[in-house]
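Visitor:
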Amino acid sequence: SEPIIRLENVSKIFKLGLLGKTMIKAVDRVNMDIREGEILGILGESGSGKSTIARLILKIYEPTSGRILYRGRDIKEYRGSKGLKEYYRKVQGVFQDPYASFNPRRRVLDVLRDVMKNYYPITSLQDIDREIGLTIEKVGLSMSDVIGKYPHEFSGGQLQRLSIARALLVKPEVIIADEPVSMVDASTRIDILNIFIDLKESEGISFAIIGHDLGLTRYVSDRVVVLYRGQIVEEGSAEILSEPLHPYTQMLAKSIPRIDKKWESKLEYSVGSIELGARGIGCIFVDRCPQAMDICRRQEPPYIDTGKSRVKCWLYTEKH
Ligand code: SF4
Ligand code: MG
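Residue numbers for the sequence shown follow the UniProt record's numbering, beginning at 2 and rising by one.
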């Protein structure tokens, strides 16, 4: 069936520096689908371009090139307040830091009511509150947990549940969740991921769930794409994360001392989203790859369909 969201050869370049002279390619020719009724996991280290992809799908950024389609229609056609609202009825976001996504000075219930008033303006307050009550139950809380409370009165996990509820209120077809559990208590991560799985099954909502933890991504996802420096290096069913083919995914799976701290801290710009001029012509992973060959420096690997996954690596071609 036709995907709900399709990215076609999408790139995003940021210009940085005083004169905008430094060009950063955060997303590099990404093709990806979010299909009906699935959870697509988007796995990558920070700086791999995964949050940029979320923001592109949520129309916070525009692609530098390529297209993003919602049910076959270019999402750039959804413009102006009316067009955006129409789009956000279908596609909602959940973000990493729930405290940053609620106004600290407003009671959470009032925020949820505002969403309902905005999207369902003729509904009575009584009906609005009933809808909110039902929605809050879907994320494992009840109206009495919420009444009168401000964001800081909730734990991170509770508030993240409420930001999922806020997204659900508009009855979207797709939710893009950018690192939805990375800031919540480790002991409640699985519970929150289970909410996504339940919603997929009971409401038929599709999800893209972005994360950097291979185990959690494998747990929650039906299909996965693995991103490295803005490029998809491997994709397939979630099982590929148990037996990955790409040397980068293999590295993540072994959780080799993942990345040293120095790497982590400079990554967002210098490692993750590599400067345009610094990009070699070969494989994007060549400098870290334990299996690099001559051809890897000279020529960009194509995507190879191995039957199990699609992998961007010379190891899986006859040609080298
Ligand atoms: Fe490693 Fe070469 Fe494969 Fe790139 S193409 S991941 S450098 S073996
Ligand atoms: Mg991020």
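Positions of the beta carbon are idealized from the N, C-alpha and C atoms, including for glycine.
What residue from 141, 213, 142 and 112 has the CA that sits closest to residue 129's CA?
Guide: Translated into the one-based positions of the sequence shown, residue 129 becomes position 128. For the residues 141, 213, 142 and 112, the minimum Cα distance to residue 129 belongs to 112.
Visitor: Any chance you could list the beta strand (DSSP E) runs of at least 3 consecutive residues sitting entirely within the segment 135–201, in chain order?
Guide: Counting whole runs of 3 or more residues, the segment 135–201 contains the beta strand (DSSP E) stretches 175–179.
Visitor: Over the uninterrupted beta strand (DSSP E) stretch that includes residue 287, give me the two end residues.
Guide: As a working note, residue 287 is residue 286 in the sequence shown. From DSSP, residue 287 is part of no beta strand (DSSP E); its letter is neither H nor E.
Visitor: Does the Cβ of residue 141 lie closer than 8 Å to at least one heavy atom of the ligand SF4?
Guide: Position 140 of the sequence shown, counted from the start, is the residue given in the question as residue 141. Not under cutoff, so the answer is no.
Visitor: Please name the residue or residues paired with residue 58 in a DSSP beta bridge.
Guide: Reading the sequence shown from its first residue, position 57 is the one you call residue 58. Beta-bridge pairing links residue 58 to no other residue.
Visitor: Under a criterion of Cβ closer than 5 Å to any non-hydrogen atom of the ligand SF4, which residues qualify, in chain order?
Guide: Selection output, chain order preserved: 248, 284, 286, 287, 290, 292, 293, 297, 302, 314, 315 and 316.
Visitor: Is it the case that the segment 39–47 contacts the segment 221–233, given that we only count it when at least three CB pairs across the two stretches are under 8 Å?
Guide: The answer is yes - the segment 39–47 touches the segment 221–233, with three or more Cβ pairs under 8 Å.
Visitor: Compute the beta-carbon to beta-carbon distance between residue 193 and residue 175, rounded to the nearest angstrom, for a pair I have assumed lies under 8 Å.
Guide: Within the sequence shown, numbered from 1, the residue matching residue 193 stands at position 192. Within the sequence shown, numbered from 1, the residue matching residue 175 stands at position 174. Not quite, the Cβ-Cβ distance comes to about 18 Å (not below 8 Å), so this is no contact.
Visitor: What are the start and end residues of the beta strand (DSSP E) that includes residue 93?
Guide: Here the question's residue 93 lines up with position 92 in the sequence shown. That run of the beta strand (DSSP E) goes 92–95.
Visitor: Which whole-angstrom value is the C-beta distance of residue 158 and residue 189, which I expect to be below 8 Å?
Guide: By 1-based counting over the sequence shown, the position of residue 158 is 157. By 1-based counting over the sequence shown, the position of residue 189 is 188. Going by Cβ atoms, the distance from residue 158 to residue 189 rounds to 4 Å, so yes, they are a contact pair.
Visitor: Identify, in the order they occur along the chain, each residue of the same chain with its Cβ nearer than 6 Å to the Cβ of residue 235, setting aside the five sequence neighbours on each side.
Guide: Numbered from its first residue, the sequence shown carries residue 235 at position 234. The answer, listed in chain order, is 227, 247, 250, 310 and 312.
Visitor: With a threshold of 7 Å on Cβ separation, who are the neighbours of residue 63 within its own chain once the five nearest residues in sequence on each side are excluded?
Guide: Start at 1 with the first residue of the sequence shown, and residue 63 comes out as number 62. These residues qualify, in order along the chain: 77.
Visitor: Just to confirm before moving on: does the CB-CB distance between residue 73 and residue 3 stay below 9 Å?
Guide: Along the sequence shown, one-based indexing puts residue 73 at 72. Along the sequence shown, one-based indexing puts residue 3 at 2. A contact, by the Cβ cut-off of 9 Å.
Visitor: CB-CB under 7 Å to residue 217, same chain, minus the five flanking residues each way: which ones, in chain order?
Guide: As a working note, residue 217 is residue 216 in the sequence shown. The answer, listed in chain order, is 182, 190 and 194.
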